[in-house]
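Sequential numbering from 1 applies to the sequence shown in my numbering. Note that beta-carbon positions come from the ideal geometry of N, C-alpha and C, so glycine has one too. As the structure is a computational prediction, the values presented were derived from the model and not from experiment.
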Amino acid sequence: MLRINGTGRAALDQERCGHDTIEPGTFRVLRHNGQVRIAGPGRWRKWNPRADWGEVLSLTDLASKALKADTLTIVRVPGGFFGLARDNGRAILLGEGYHAYNDRNFVFSELVSITQEQFTTAPFHILRIARGFYARIMGGQCCQNFCCPGTTSALTSFYKS
Numbered sequence: 001m002l003r004i005n006g007t008g009r010a011a012l013d014q015e016r017c018g019h020d021t022i023e024p025g026t027f028r029v030l031r032h033n034g035q036v037r038i039a040g041p042g043r044w045r046k047w048n049p050r051a052d053w054g055e056v057l058s059l060t061d062l063a064s065k066a067l068k069a070d071t072l073t074i075v076r077v078p079g080g081f082f083g084l085a086r087d088n089g090r091a092i093l094l095g096e097g098y099h100a101y102n103d104r105n106f107v108f109s110e111l112v113s114i115t116q117e118q119f120t121t122a123p124f125h126i127l128r129i130a131r132g133f134y135a136r137i138m139g140g141q142c143c144q145n146f147c148c149p150g151t152t153s154a155l156t157s158f159y160k161s
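See below:
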């Protein structure tokens with residue numbers, strides 16, 4: 001939660017005698033000063049009257065879709081997949097695991113299976129080379145790369161396979 005909430009002063013405290021209770025397996029969104037923060041399971045006291053509680057998000061929902069609340073996006077990439085997203089217009093690949101971004105410019109696109117033989121999305125071109133084969137990749141200015149079996153990715157829009 002520190003990665004999402006940051007290190008600034010929060011508008012809530014976790015206390016034994018808190019007014020709001022968040023059940024295990026869920027977390028709740030708090031909006032304050034144009035920022036989105038989250039609170040995990042337990043009892044919480046909201047000390048700032050201008051802070052508003054948002055929706056309750058469940059971790060079981062995260063298994064089937066990306067969770068989005070204002071600027072907060074939480075994505076779970078299962079094993080055997082990678083995620084495609086854009087962060088401020090720049091394409092990024094998400095490895096398996098949980099990814100949390102508290103940024104309005106982050107947009108999650110889709111999940112793609114790693115068993116595909118070839119996949120292209122600007123600026124990535126991903127090849128899966130079978131055992132016993134090699135690939136020759138032609139880049140910009142006639143550069144040649146020979147790739148061994150496994151998964152190889154090249155960050156360029158100039159390619160021929």
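Straight-line gap, residue i to residue j (C-alpha atoms, nearest Å)
i	j	result
T21	L30	13 angstroms
A85	H19	37 angstroms
F106	D87	4 angstroms
N33	I137	50 angstroms
P49	R28	17 angstroms
R90	P123	9 angstroms
T60	R45	25 angstroms
Outcome for residue i when other beta-carbon atoms lying within 10 angstroms are tallied against a minimum of 16
i	result
T73	buried
K65	exposed
A39	buried
N102	buried
Reference residue i; option with closest CA among the options
i	options	result
R131	H125, G83, F27 and E117	E117
V56	I114, G89, K68 and R104	K68
Residue(s) in a DSSP beta bridge with residue i
i	result
G26	One point to set straight first is that residue 26 is Thr, not Gly, in the sequence displayed. Note: T26 sits in a beta bridge opposite S58.
R131	According to DSSP, R131 bridges with nothing at all.
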